[in-house]
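Line by line, the protein sequences are chains F and P. Numbering follows the numbering used here, with no gaps: position 487 of the first sequence is 487. Numbering follows the numbering used here, with no gaps: position 22 of the second sequence is 22. Cβ coordinates follow ideal geometry from the N, Cα and C atoms, glycine included. Because the structure is a prediction, the values reported are computed rather than measured. One structure is given here, and the rest of the page talks about it.
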Amino acid sequence: MTTNLLRWIPLLPLIGAVLNIFFGGRWGKKFAGILASAAVLGSFLISLRVFTLLSPTGVLRDTLYTWIESEPFKAQVSFQADALTAVMLLVITGIGFLIHLYSTGYMAHDEGEARYFAYLNLFVFFMSVLVLADNLLLLFVGWEGVGLCSFLLVGFWFEDPANTTAGNKAFIVNRIGDFGFLLGMLLLFWEMNRLGVPSLDFAALQETAARIPPDSVVLVTLLFFIGATGKSAQIPLYVWLPDAMQGPTPVSALIHAATMVTAGVYLTARLNFLFALAPWTLSLIAIVGAATALLAGTIAVAQNDIKRVLAYSTVSQLGYMFLAAGVGAFSAAIFHLFTHAFFKACLFLGAGSVMHAMSGEQDMRKMGGLRRRLPVTYWTYLIAALALAGIPPTAGFFSKDRILLEAYSSPHGSVVLWFVGWITAGLTAFYMFRQLFMVFHGTSRAEESVQSRIHESPPAMTVPLIVLALGSITAGWVALPSRDVWDPWLQAVLRAGNPVEHGAAVNETLLVGLTVAIAVIGIALAYFVYGRQRRIAEEGPLWRVLAHKYYIDELYDFVFVRPFTAAANWLARAFDPRLVDGAVNGIAGLVRGISASGRRLQSGNVQHYLFAFLLGTILIFVFWLRR
Amino acid sequence: MTQAPLEYYLVLSAVLFAIGVAGVVIRRDVIVILMSIELMLNAVNLTFIAFSRFLGSVEGQVIVFFVMTVAAAEAVVGLAIMISVFRFRQTLDPRDMQLLKW
C-alpha cells in the first residue's frame, strides 16, 4: 500500500530544523522550543495514524524520488513502514516530543537555544529516516546523520574543550563502526549483484538472502555487527558513550539512551533474516552482549557522577538487547528497547532535573536528601529505577524477564548466558538504588549556597517526567503472559529469528522468581549499605579498578591513541616538511630557476622589444617565402 | 614624358622603410625614434600612392589620408608623453626608460 503520509514524519522535523537554523535567533528564544516541539508532535501524530493504518503483515510505502541510478544499481529515497518501523517511530517521535518539551524548560536559560533545538529536530529527522528507510543505503544516511547530530550535541557547549573532546571521541569511535557497516554493505551488494539482484532494498534482500553463500553471510553479518557495536556502544567500541554525557542532559536522554544508541539493535532486527542464516555471528553477538552487560554493570557500581552511572547502565541494557538478539529472540530485544526507552529517558530527565536543582552539580557525593525538596522528581525517579531493576509489575520486569528466559531456553541460548544476565540484573538493581539512596535519601551533603537554591523544576520538565514514569509502569503490559499483543504484532517482520518452540523444558516460574529475587537482593543490599548511611569505605584495589572503568580508556589510549598520535607527529615532523613540502617547494624552485634566465629577456628597453619584433616578422616572412 | 616604372617607387619606399626601422632600433633619442616611425609610415604611404596611381584606383589614396590622420594623432600623443617623461627624468634616452621589466 502506498501513501504519501510517511514522508511527513521526517520532513516536519527537518522543516523545524531549517527554520530554527535560519530564523531561530530572530524569532525569540521561546519560539524556537515551541516550533521544534510542534514539529515533533506533528510527526508523532502522523506516526500514530500510520500505526492505526498498519496490520502486523502490512507494509506502507512512500517513494520520493530516485536518488542514484547507475546501471545496474538503483537506489531510491523511499520509505517503508511495517510493524517494526511503527514501534520505532512511536518511540522516537513520542519520547522525542516529551524530551523536546522538557528541553524548553531545561534550556530556557541557555544562549544557544535556537541552535540546540535545530540540532535536536535534525536528529529526529535523521532517526526517522533511519527507521523508515526501505534500503540499506538510505538507512546508512540516517545512520551517519544521527552520528553527526550526536557529535554536534555532545559538543554543544563548545566553550569547554572537554566537551568538544568528548564529541570528537564519539564521532571517531563511531567512524570505526561505520567503516564496518560500509564494508558489510559493499560486500552484501557484491554478493547480491553476483546473484543477479543488484539491489539493497530490504524486500529484495529478504528474498535473496538464502541464496548468498554462507561464508559471505557470516562475514557480512559480522561487519554489520561491528557497525552496531559502534553505534550501540558494545564491547569493544562502547567507550564513547559514557563520555558523551558531556552534552546537555535531555540530549543524553533522547540520543544516548532512548533512540540513537538502539540503532544497532534495530539494524540487527531489521536484517534478522540475514543474521538468522549466520549462527556463528549470532553466538558472537550473544557473547558480546552478555559480556558488555556485565562489564558495564560492574563499572556503573563504582561511578560517582550521576549521569555516568546512567550511561554505563545504558551500555549494560544495550548489552541485554544484543544478548536477546544473539539468541535469536529479536522480538524480545525490540521489546526491551521499547521499555528501556521509557525508563531510561525518565531517569536521564530526572537526573537533569536534579542537576537543574543543584546548580549543575553532577557528583552524587555532594547530593543527598533531595526526596522532600524534589517530590515529583523523586517519585518518577523511583518508579523508573524500579523498572530498570526489573521489579514487577513495571515495564522493565516484563522485558528483562523475557530476555533472560530466552537466553536460557532458546536453541541458541545457554545457562552461562542466562547466568551472566542474571548476575547483571542484580548489579543493575544495586547500582540504581545506590544512586537513588545517595541522591535522594539521607542528609544533604551539598554546600550552603547550592542548598538554598534547590527548587522543583517547572511544569515543562515535570510533566514529561510523569508521563514517562507512567510509561515505565505500563509499557510492559503489552506483553502480559495472559494477553500478549507484542509477539503477534512483530511476528511477521521478525519471524526469521523467533524460536517458536523452546529448546529445553523450562520452569518459567522458577526463572522469573530467581530474576525478581536477585533484583530484590540488589535493592536490599543497596539499602543496607547506602540507604542507612552505613557507608562502606569505597576503596581497595577492586573498587579502584571499577572506578577507573577497568582502565579500558587508558588501555585504548596506550594501544591505539598514543601510537597513532606518535606516528602522526613523526609524519608531521619528518615526512611532511621533507617529502611533501620538499616536492612542492622543489617544483617551485625549479620553475624559478628556469625563469631566472628567461626573465632576462624582459629588459624593459623598448628598442629591444622592437628588435625582437622585427626579427620575428622577418622570420615569418622568410618562412612564408620558402614554403 | 615617360613615366617612371612602378618598381622605382617600390624600391624607394622599401629603402625609406628600412631606414625608418633602423632608426627605430638603433637611435638613442626618443624624438628621433618618433621621427623614424613617421618615416616608416610615409614609406608605406608612398607604396599606397604608387599602387593607386598604377592601378587607377582611388582606395589607396583614401587610406593614405587615414594614415596621415592617425600619424598626426600618434605624434601628438607621443610627443606629449616625451615631454612629461623629460620633465620627470631629464632624459630622452630610451635606455633610461626601462622600469617595466621582470
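Looking at the C-beta of residue i, does it have a partner C-beta in chain P at a distance below 8 Å?
i          : result
Asn-121(F) : no
Would you mind reading off the limits of the beta strand (DSSP E) that contains residue i?
i          : result
Glu-111(F) : Glu-111(F) -> no beta strand (DSSP E), and no H or E assigned at all.
Lys-30(F)  : It is not in any beta strand (DSSP E) - Lys-30(F) instead sits in the alpha helix (DSSP H) that spans 29-53.
Val-77(F)  : 73-81
Along the chain, where does the alpha helix (DSSP H) that runs through residue i open and close?
i          : result
Thr-47(P)  : 30-55
Thr-63(F)  : It is not in any alpha helix (DSSP H) - Thr-63(F) instead sits in the beta strand (DSSP E) that spans 60-70.
Pro-248(F) : From DSSP, Pro-248(F) is part of no alpha helix (DSSP H); its letter is neither H nor E.
Met-355(F) : 330-357
Gly-476(F) : Unbroken run through Gly-476(F): none, as it is neither H nor E.
Ser-595(F) : 581-598
Phe-575(F) : No alpha helix (DSSP H) holds Phe-575(F); DSSP gives it neither H nor E.
Asp-178(F) : 161-194
Ala-258(F) : First-last for Ala-258(F): undefined, no H or E at that position.
Met-321(F) : 306-326
Phe-558(F) : No alpha helix (DSSP H) contains Phe-558(F), which DSSP labels as neither H nor E.
Arg-402(F) : 395-409
Trp-379(F) : 375-389
Lys-231(F) : 214-231
Asn-272(F) : 272-275
Please work out which residues of its chain come closer than 6 Å, Cβ to Cβ, to residue i, disregarding the five sequence neighbours upstream and downstream, and give them in chain order.
i          : result
Gly-497(F) : No answer about Gly-497(F) holds up, because its pLDDT of 48 lies below 50 and its placement is not dependable.
Ser-569(F) : Note that residue 569(F) corresponds to Asn in the displayed sequence, not to Ser. Excluding positions up to five away in sequence, the list is empty.
Leu-294(F) : Val-420 and Thr-424
Gly-212(F) : Reading the sequence as shown, one finds Ile at residue 212(F) and not Gly. Cβ neighbours of Ile-212(F) beyond the five flanking positions: Glu-191.
Phe-117(F) : Asn-20, Ala-32, Gly-33 and Ala-36
Ser-103(F) : Pro-250
Gly-16(F)  : Leu-35, Ala-36, Ala-39 and Asn-121
His-502(F) : Summary for His-502(F): the model assigns pLDDT 49, below 50, so the residue's position carries little reliability; its value from the coordinates is reported in the next sentence. The answer, listed in chain order, is Ser-409.
Gly-180(F) : Leu-223, Ile-226 and Gly-227
Arg-592(F) : none
Measure the beta-carbon distance from residue i to residue j and round it to whole angstroms, keeping in mind my assumption that it falls under 8 Å.
i          : j          : result
Ala-269(F) : Ala-341(F) : Ala-269(F) to Ala-341(F), Cβ: 14 Å. No contact.
Ala-325(F) : Val-265(F) : 6 Å
Val-124(F) : Thr-85(F)  : Rounded, the Cβ-Cβ distance is 15 Å, inconsistent with contact.
Val-217(F) : Ala-278(F) : 5 Å
Ala-429(F) : Ala-389(F) : 4 Å
Val-288(F) : Gln-234(F) : 6 Å
Leu-261(F) : Ser-232(F) : Looking at the sequence provided, one finds Val at residue 261(F) rather than Leu. Sure, about 5 Å apart at Cβ, within 8 Å.
Thr-339(F) : Ser-283(F) : Contact doesn't hold; Cβ gap of about 25 Å is too wide.
Met-358(F) : Ala-446(F) : 6 Å
Arg-49(F)  : Leu-98(F)  : 19 Å between Cβ atoms; not a contact.
Using a Cβ cut-off of 8 Å (strictly closer), state whether residue i contacts chain F.
i         : result
Pro-94(P) : yes
Val-24(P) : yes
Leu-99(P) : yes
Val-21(P) : yes
Val-11(P) : no
Ignore the nearest five residues each way along the sequence and tell me which others in residue i's own chain have a CB closer than 7 Å to its CB.
i          : result
Phe-171(F) : Gly-147 and Phe-151
Glu-69(F)  : none
Leu-219(F) : Leu-187
Gly-350(F) : Thr-377, Thr-380, Tyr-381, Ala-384 and Leu-465
Arg-7(F)   : Asp-62, Leu-64 and Phe-79
Tyr-312(F) : Pro-242, Ala-296, Ile-299, Ala-300 and Gln-303
Arg-308(F) : Pro-242 and Met-245
Met-88(F)  : Val-131 and Tyr-266
Quick one: is the Cβ of residue i within less than 7 Å of any heavy atom of the ligand FAD?
i         : result
Val-62(P) : Only the bare structure without any ligand can be found here, which leaves the ligand FAD out of the picture.
With a CB to CB cut of under 8 Å and the five nearest residues on each side skipped, what residues in its chain are close to residue i?
i          : result
Asn-135(F) : Ala-75, Gln-76, Ser-78, Ser-199, Leu-200, Asp-201 and Phe-202
Leu-494(F) : Leu-84, Ala-269, Asn-272, Phe-330, Ser-331 and Ile-334
Trp-477(F) : Pro-393, Ala-395 and Phe-398
Met-461(F) : Tyr-102, Gly-105, Tyr-106, Leu-349, Gly-352, Ser-353 and His-356
Taking only beta carbons into account, state which residues of the stretch 601-614 of chain F come closer than 7 Å to chain P, listed in chain order.
-> Residues of the stretch 601-614 of chain F whose Cβ lies closer than 7 Å to any Cβ of chain P, in chain order: Gln-602, Ser-603, Gly-604, Asn-605, Val-606, Gln-607, Leu-610, Phe-611 and Leu-614.
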